[in-house]
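Below is one structure, written out as structure tokens, with a few remarks after it.
2 protein chains.
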Amino acid sequence: MTILALTGGVGGAKLCLGLARVLSPEDVVFVVNTGDDFEHLGFHISPDVDTLTYTLADAANPVAGWGRQGETWHFMEALEELGGETWFRLGDKDLALHVRRREFLAAGQSLTAATAHIAQGLGVRHRILPMSDDPVRTFVHTRDGPLAFQHYFVRDRCAPEVTGFDFHGAASASVNPAIPFEQVTGVVICPSNPFVSVDPVLAVPGMGEGIRRSGAPVVAVSPIVGGAAIKGPTAKMMQELGVPATTVEVAKHYAQRTVGGAPGTVGGAPLVTGFVIDAVDTDAEGEVQALGLATTVAQTVMRSLDDRVDLARVVLDFLGAGAAASGP
Amino acid sequence: MTILALTGGVGGAKLCLGLARVLSPEDVVFVVNTGDDFEHLGFHISPDVDTLTYTLADAANPVAGWGRQGETWHFMEALEELGGETWFRLGDKDLALHVRRREFLAAGQSLTAATAHIAQGLGVRHRILPMSDDPVRTFVHTRDGPLAFQHYFVRDRCAPEVTGFDFHGAASASVNPAIPFEQVTGVVICPSNPFVSVDPVLAVPGMGEGIRRSGAPVVAVSPIVGGAAIKGPTAKMMQELGVPATTVEVAKHYAQRTVGGAPGTVGGAPLVTGFVIDAVDTDAEGEVQALGLATTVAQTVMRSLDDRVDLARVVLDFLGAGAAASGP
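Residue numbers (this note's numbering), protein chains in the order written: chain P, 100 to 427; chain S, 100 to 427.
Structure, rendered in structure tokens:
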């Protein structure tokens, strides 16, 4: 069996770590959002791929939630002295990853191959696959105009009021050919931001179709718990988009996504089949089920490694894959 | 008046610092060897330009003789972990200079412009001019075959036995158009390696001619003192080339260089007019004068900043420019 886990950055990476502790490298594939990627200081920056890589390598910075453990900042200090851009922080160790990635890409390798080389160097045995090797760039539409994702997220600290999103390049991007759709027995949509972490992944032509073709159940874990986002701007975005920041609204967002309908219609089959609700939102279970989604209730706020592993087991059980899960 | 100082790395940079303390930015131009330059880890590395920049910025590492003061190496450690090349050491702070230079070059700026931006950022007011904005690459011919300079110098630690040199690209390179030859009143050839630091500078078409046209005296400071090189492989190279490692042989090397003769002939006017001998080599003065060079004797081993300033004053007096020298 093969579990496909669709993920963005920090929040999703927590569940991915739990899945990696429960499933062997043969049994799970992590498909990562690259809509956050951008070119900066001459480097290809791939924040979600790197967050997952560092997390699985047990090298992630547990406090910041991004970047490397025990990172130092002498490069940034010297860059500032030389008048360079310092709004996006690249640590001294993190730079090594970026220099290596540029070497691989400059040698004509794909982002997938570069990611694999780097993950291997950090001792990661599980498969980390960018959603596509083609450039997809998330733009956040705001009252101040459209912003490239990192300008919205990092430089402007999510302050501008969001009106919508688009994913430049998605329509012409090819889904990562290394994703083994035909072997997929279950799909997990990690508790990442539905709008800027998961939607870009599902916007890649062939992603939803490949998942649907596999016939596997697709379970999403709510990133909204008790009316607030566990991390990041999800709740703020929902409010700005005029929807209540509730787990029910997240469920609606996923329940509405269909695959196989004529382009631009709401026809086709629903993609998501199940939804994981946090225990504090138990009273929402009926509403979510009314959307046609199977539900299960769990402790979804992952503070400890045990929390991550426990949630992974709940999700796998929910997918009916728990029994097949072998230890790493 | 304008003094032109031709220099390589560490040894030459010491005298350049002395000159910079004695002469105002309007009165001196440093012309730097770029034959050591190479592309590495996706960066344009310009060791002699950077050594001089850091030296004039009082930011050079006084122990290593290259790189930055108070440097840290977290990038290199992480790069090694990721299987990157680590034989050429790039410190965390030094990386900022290289990232900035790549930004400037990628924006279509010349190496000269990039060098000026970086020097300004580090508070350097004196002019640092690469010998050319075109690529010139020094190759060291050895019994093991030809080696790119940094492979010979850094990776192989000058171990291979030298049989000769060539400067790829020199013939088609244009001399840096920013060098104000028409204003030059004196030229200093700093105590750098004659073969791999000074010869590449003089190999750029128009360099010798521009100097000769200025009619200015050209004074070389011997890098060989008491039969040994103050720093670097000069003495070892001379022995391997079958010439004694003496100040007289260095004087011969410079005395033989002529400008304006038919290509490939020894015709033309001699370029170098004077030679600075260390006090320990006073007995060689007659032999050097017999080569047609004016001589002066000085304390050329520069241990302290005062040594650097003192030698700068001697050289300027020798050039007859001392009187015109104004403080910075």
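By construction, the Cβ of each residue, glycine as well, lies at the ideal position given by its N, Cα and C atoms.
Cross-chain neighbours of residue i in chain P, by beta carbon under 7 Å
| i | result |
| --- | --- |
| S/G141 | V198, R201, E202 and A205 |
| S/G220 | E180, L181 and G182 |
| S/G194 | It should be noted that the sequence gives Leu, not Gly, for residue 194 of chain S. Those within 7 Å of S/L194 in chain P are F174 and L194. |
| S/I217 | L181 |
| S/A327 | By Cβ distance, chain P contributes nothing, its closest Cβ being about 36 Å from S/A327, past 7 Å. |
Cβ neighbours of residue i in the same chain (closer than 7 Å, five flanking residues each side left out)
| i | result |
| --- | --- |
| S/L194 | F174 |
| P/S231 | T133, A272, S273, V274, N275 and V303 |
| P/V347 | A383, E386 and V387 |
| P/G222 | A156 |
| S/V326 | Residue 326 of chain S is actually Gly in this sequence, not Val. Answer for S/G326: A344 and T345, listed in chain order. |
DSSP-derived helix/strand/coil call for residue i
| i | result |
| --- | --- |
| P/S296 | helix |
| P/A368 | strand |
| S/G285 | strand |
| S/H216 | helix |
| P/H225 | coil |
| S/P332 | coil |
| P/I144 | strand |
| P/V303 | coil |
| S/L194 | helix |
| S/S313 | helix |
| S/T152 | helix |
| P/A420 | In this prediction, P/A420 has a pLDDT of 49, which is less than 50 and means its spatial position is unreliable; what the coordinates show is noted afterwards. Looking at P/A420 - three-state DSSP - the assignment turns out to be coil, as it is neither helix nor strand. |
| P/F441 | In this structure chain P extends from 100 to 427, so residue 441 of chain P is not present and cannot be described. |
| S/A206 | coil |
| P/G111 | helix |
| S/V274 | strand |
| S/S425 | Residue placement at S/S425 is flagged as unreliable, the pLDDT there being 33, under the threshold of 50; the coordinate-derived value follows with that caveat. Three-state result, S/S425: coil. |
| S/T185 | coil |
| P/V130 | strand |
| P/R120 | helix |
Alpha-carbon spacing of residue i relative to residue j, whole angstroms
| i | j | result |
| --- | --- | --- |
| P/F417 | P/I227 | 23 Å |
| P/H250 | P/E170 | 23 Å |
| P/E179 | S/D149 | 18 Å |
| P/G111 | S/D191 | 31 Å |
| S/C257 | S/A206 | 35 Å |
| S/M401 | S/L181 | 41 Å |
| S/Y353 | S/T372 | 9 Å |
| S/V261 | S/V342 | 12 Å |
| S/L155 | S/P259 | 32 Å |
| S/V128 | S/I102 | 6 Å |
| S/P234 | S/A177 | 30 Å |
| S/D147 | S/D135 | 7 Å |
| P/Q431 | S/I144 | The structure shown does not extend to residue 431 of chain P, since chain P spans only 100 to 427, so no value can be given for it. |
| S/G367 | S/R236 | 26 Å |
| P/A315 | P/E281 | 10 Å |
| P/P332 | P/A163 | 16 Å |
| P/M100 | P/V283 | 7 Å |
| P/I323 | P/V109 | 14 Å |
| S/T214 | S/F266 | 22 Å |
| S/V349 | S/Q355 | 10 Å |
| S/H225 | S/P279 | 14 Å |
| P/Q219 | P/T152 | 10 Å |
| S/F248 | P/L204 | 26 Å |
| P/V375 | P/G263 | 26 Å |
| P/S313 | P/N292 | 24 Å |
| P/V318 | S/N160 | 57 Å |
| S/L116 | P/A212 | 48 Å |
Under 8 Å from the C-beta of residue i: neighbouring residues of chain P
| i | result |
| --- | --- |
| S/T171 | T171, H173 and D191 |
| S/A159 | Those do not exist, as S/A159 stays about 14 Å from chain P at its closest Cβ, beyond 8 Å. |
Neighbouring residues, chain S, relative to residue i (Cβ below 7 Å)
| i | result |
| --- | --- |
| P/A247 | Per Cβ cutoff of 7 Å: no residues; P/A247 is ~18 Å from chain S at best. |
Chain A contact residues for residue i, given Cβ-Cβ distances below 7 Å
| i | result |
| --- | --- |
| P/I310 | No chain A is present in this structure, whose protein chains are P and S. |
Beta-carbon contacts of residue i that lie in its chain and below 6 Å, excluding the five residues immediately before and after
| i | result |
| --- | --- |
| P/P245 | F238 |
| S/F187 | H139 and V253 |
| S/T381 | V396 |
Within chain P, partners of residue i - CB distance below 9 Å
| i | result |
| --- | --- |
| S/A163 | The contacting residues do not exist; S/A163 stays about 16 Å from chain P at best. |
| S/F156 | A small fix is needed here, since residue 156 of chain S is Ala in this sequence, not Phe. Those within 9 Å of S/A156 in chain P number zero; the least Cβ separation is about 10 Å. |
Same chain only: Cβ atoms within 8 Å of residue i, ignoring 5 sequence neighbours per side
| i | result |
| --- | --- |
| S/L114 | A104, T106, V287, C289, P290, V320, M401, R407, L410, A411 and V414 |
| P/G419 | G285 and P316 |
| S/T394 | G373, F374, V375, I376, E384, V387 and Q388 |
| S/R201 | G141, F142 and H143 |
Under 8 Å from the C-beta of residue i: neighbouring residues of chain S
| i | result |
| --- | --- |
| P/A334 | Result: empty, since nearest Cβ-Cβ is about 35 Å, beyond 8 Å. |
| P/A213 | Near P/A213 there are no residues of chain S at all, since even the closest Cβ is about 11 Å away, more than 8 Å. |
Tell me the start and end of each unbroken beta strand (DSSP E) in the region 340 to 409 of chain S that is at least 3 residues and wholly inside, in chain order. 357 to 359, 367 to 369, 373 to 377 and 393 to 397
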